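**Q** So the sequences go chain by chain: H and C. Start counting the first sequence at 1; every next residue gets the next number (full-length UniProt numbering). Start counting the second sequence at 1; every next residue gets the next number (full-length UniProt numbering). My structure is below; once you've seen it, I'll send some questions.
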Amino acid sequence: MSALGGAAAGGEGINPMGSAIGIVVLIIAVAITAIMAPAALGAIIGVIIGGLLIGFGVHFVPVGGAPAAMGQAPGIATGVAMLAAGAGLAGLFGGAWAAANPAFGIAIVIAAGAVGGGLMMAITCLMVNIIYVFGMGIPSASGKVDKDPITGDSQPEYKSQGTEGHGLPFISYVGGVIGGLLGGAGGTLIYYELLQVYSAALPALFNAEAAEVLPVAVSLAGIFAIGMFLVNAVLAAYNITGTIEGPHDPKFKRFPRAIIGCAVASAVCGLFAILIVVV
Amino acid sequence: MESILLGVGVTALAGALATVAGAAEDTESNIGSQGDPNSQVQLAPQMGYIHRIYNKAVSGEPPAYGLWVTIGAGVAWAFMVTGMNPVLAIVIASALAIFVQGAYATTAYLGRTASLNKFEQPVYIDLLKSVTTVTMAHAFVAVFTTVSMCYLLNAALGHPFPLALLGIVWGIALGAAGSATGNPFYGKERQYQSQKFGAGVPISASGNIVRYAEAGQRSSLDNGWFTGKLGGPASGVCFGLIVFLELWRTVLFEEIAGGWGAIIAGVLIILVFMIIDRYVEVWARKNYGPYVKAEEATA
């Protein structure tokens, strides 16, 4: 079906053979890390968890694509991967800033990244609703549920004829914020783990002082974190196919597949990110 | 105290630059029809509606702006390494990035429009000449302000990311914020002005975009004027608020409660926005009421 949010043509469940192969690939990636760089074993597990968080978080983000831009479907009028990447990178910005402060532990760094992503989504979602309400004169209405699961507001009677709904119902707003929080936390976790690996390995590799190679470590970790963010966001977007309204959308139930896919992709990407400083 | 005052000042300046960037980004993307509604511009000739709307969307706004801002930031950094004055470096680098944008716009318009040849959609050379330069001008404003903002974040606020990396982060975030906020206003209120105000566009009306202006055929140039009414400023406010509040909460509250101050401030701001959103939603429902089907006029 099209981007208008109808039923998907097959592929709803988890493919046991594909999942088994994926998990074997994941275990091989972790095993190679354990052999080649035992010190980075914790880092690759952190990278995998970060990827999972991004993949899971993308499913919360309400995206309506082109139909949303015409008030034909609820959600934000852009692509899934694009919006999730925007929110997650805004989170990564905050997380990297916190990580630069030696006084802060991992909990503060991850929380700073999460809040950065959540804040970006909270502001964007509000402005989207303001445009719908004050620029187009349309109230929010979901096409997927009769009542908003949080507020209990009835949806069908506010839906314009011939559309799948429009605007951003409150459940979608909350979903967007949760997606931003998870995406920001996941991206920052990947950055933080890779930064630890590079900070430890690069001084010996370049035969230089730790302070001298810190900018290189920060840049490398940042580039890999952004790259892995896009990998996971695009993977999750393929799982969603087109549009999703948020956690109340039936498509949300597909997230386990994305989690397996994101874990495998993150493990392989993380392996290469670690091996470039070890081998 | 002095460092906090400087930090807040830089934060305000960065927020102002981001606001201009967001407004220019949305205006550029609507003149060039690069946002999500471009699918309707692409669809229209297939439905029999030949038009003079520019169409340069080969990728979405976020990756496109990620590219242009990163080119601007990377080249500016390279100039600064050679000892060039930062202001001059950012201006020249942004101009160079805009030549990439111009080449992209030209090839994208020609390629996308030529692909509609079998539906008898012509390539308008006058449109190519007039609209491309206008999108380049708007893109310059968006890229220059974003690169300047990234420079402030790195040089004045001490963010650890190098300039080019900040360019990727904020270029993609700029495109995401602009495309999310401005697109519905352009997509529904501009392209479907023939549809009733206060209702979504029925799926059956897809492709039937408004093609005529007050005098003659409409071109993409007057999308800039229309976007300037609400979509552009709203995108600017959106991106400006994101940058300002992200910096403001960190600069002011990072030292409080061992680093948790900025996080608590962020959570409180999110809750405030959530409450405002709920108010807007309830206001719309109360004032607009449920959807009413059009009634037949009775004699």
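The C-beta atom is built at its ideal place from N, Cα and C for all residues, glycine as well. Keep in mind it's a predicted model, so treat the numbers as computed, not measured.
Compute the Euclidean distance between the alpha carbons of C:I242 and C:T250, then round it to the nearest angstrom.
**A** 12 angstroms
**Q** Using a Cβ-Cβ cut-off of 7 angstroms (strictly less than) and excluding sequence neighbours within five positions of C:A177, which residues of its own chain qualify?
**A** These residues qualify, in order along the chain: G22, S235, C238, F239, I242.
**Q** Residues in the stretch 237 to 268 of chain C with C-beta within 7 angstroms of chain H's C-beta atoms, listed in sequence order?
**A** V237, C238, L241, I242, L245, E246, T250, G259, W260, A262, I263, G266, V267
**Q** DSSP three-state call for C:Q193: helix, strand or coil?
**A** Correct three-state label for C:Q193: coil.
**Q** According to DSSP, simplified to helix, strand and coil, what is H:A141?
**A** strand
**Q** Classify H:G10 as buried or exposed, calling it buried when 16 or more other Cβ atoms lie within 10 Å of its own Cβ.
**A** Reliability of the predicted coordinates at H:G10 is poor, the pLDDT of 45 falling under 50, and the value obtained from them is presented with this limitation in mind. Result: exposed.
**Q** May I ask which residues mark the beginning and end of the alpha helix (DSSP H) holding H:G183?
**A** 170 to 206
**Q** Quick one: what's got a C-beta closer than 6 angstroms to C:V41's C-beta in the same chain, skipping five residues either side?
**A** Hits under 6 angstroms: S33, I53, N55.
**Q** Give a yes or no on whether 8 angstroms exceeds the smallest Cβ distance from H:N129 to chain C.
**A** Chain C, which has a Cβ nearer than 8 angstroms to the Cβ of H:N129, makes this yes.
**Q** Any idea what DSSP makes of C:K188, helix, strand or coil?
**A** helix
**Q** Which of the three DSSP states is assigned to C:Y288 in this structure?
**A** helix
**Q** Take H:A40 and list the residues in its own chain whose beta-carbon comes closer than 6 angstroms to its own, dropping the five residues that flank it on each side.
**A** Taking C-beta separations shorter than 6 angstroms and ignoring five residues to either side along the sequence, the partners of H:A40 in its chain run T33, V197, I274, following chain order.
**Q** Nearest-angstrom Cα distance between H:A221 and C:H51?
**A** 47 angstroms
**Q** Once DSSP output is grouped into helix, strand and coil, what is the label at H:I259?
**A** DSSP places H:I259 in helix when its eight states are reduced to three.
**Q** Would you say H:I226 lies against chain C (beta-carbon separation less than 8 angstroms)?
**A** Yes - at least one Cβ of chain C is within 8 angstroms of the one on H:I226.
**Q** Quick check on H:M1 - is its C-beta less than 8 angstroms from some C-beta in chain C?
**A** Any reading at H:M1 is ruled out, since the residue's pLDDT is 38, under 50, leaving its predicted position unreliable.
**Q** Between H:A122 and chain C, is there a C-beta pair that is closer than 8 angstroms?
**A** Using a Cβ-Cβ cut-off of 8 angstroms, H:A122 counts as an interface residue toward chain C, since at least one Cβ of chain C sits closer than that to its own.
**Q** Leaving out five residues on either side along the sequence, give the residues of the same chain with a beta carbon under 7 angstroms from the beta carbon of C:I168.
**A** Excluding five sequence positions before and after C:I168, the CB atoms of its chain that fall closer than 7 angstroms to its own CB belong to G66, T70, given in chain order.
**Q** Would you kindly report the start and end of the unbroken alpha helix (DSSP H) that includes C:G48?
**A** Neither: C:G48 is in no alpha helix (DSSP H) and is coded neither H nor E.
**Q** Determine which residues share a DSSP beta bridge with residue 297 of chain H and list them.
**A** Limits of chain H in this structure are 1 at one end and 279 at the other, which puts residue 297 of chain H out of reach.
**Q** Where H:C262 and H:L52 are concerned, what is the direct C-alpha to C-alpha distance, given to the nearest angstrom?
**A** 6 angstroms
**Q** Report back the beta-carbon spacing between C:P62 and H:M120 to the nearest angstrom; my notes put them in contact at under 8 angstroms.
**A** Wrong, their Cβ atoms sit about 12 angstroms apart, outside the cutoff.
**Q** Kindly indicate which three-state DSSP category C:I168 falls into: helix, strand or coil?
**A** Of the three classes helix, strand and coil, the one that applies to C:I168 here is helix, per DSSP.
**Q** Residue range of the alpha helix (DSSP H) that C:H138 falls in?
**A** Here the alpha helix (DSSP H) through C:H138 covers 125 to 155.
**Q** Bridge partners of C:Q217, per DSSP?
**A** Paired residue(s): C:Y212.
**Q** What's the C-alpha gap between H:P149 and C:G15?
**A** For H:P149 and C:G15, the gap between their C-alpha atoms comes out near 35 angstroms.
**Q** So if I threshold CB-CB distances at 8 angstroms, which residues from the stretch 41 to 67 of chain C count as touching chain H?
**A** G60, E61, P62, P63
**Q** Would you list, in chain order, the members of the stretch 154 to 179 of chain H that have their beta-carbon closer than 7 angstroms to a beta-carbon of chain C?
**A** E157, Y158, K159, S160, Q161, G162, T163, H166, F170, Y173, V177
**Q** Whose CA, out of C:A97, C:V134, C:A173, lies closest to the CA of C:D126?
**A** C:V134
**Q** So what does DSSP say about H:I244, is it helix, strand or coil?
**A** strand
**Q** Closer than 8 angstroms by C-beta to H:G6: which residues in its own chain qualify, once you throw out the five before and the five after it? Chain order, please.
**A** Low per-residue confidence applies at H:G6: pLDDT is 48, beneath 50, and the placement is therefore not dependable enough to give any value.
**Q** Give a yes or no on whether the minimum CB-CB distance between H:M136 and chain C is below 8 angstroms.
**A** yes
**Q** Taking all protein chains shown into account, decide if H:S2 is buried (16 or more other Cβ within 10 angstroms of its Cβ) or exposed.
**A** Model confidence at H:S2 stands at a pLDDT of 44, short of 50, so the residue's coordinates are unreliable; what they give is reported in the following sentence. Flag for H:S2 reads exposed.
**Q** Is there contact between the stretch 69 to 83 of chain C and the stretch 87 to 105 of chain H, where contact requires at least three CB pairs shorter than 8 angstroms?
**A** no
**Q** Classify H:K159 as buried or exposed, calling it buried when 16 or more other Cβ atoms lie within 10 Å of its own Cβ.
**A** Result: buried.
**Q** For H:S154, which beta-bridge partners are listed by DSSP?
**A** H:K147
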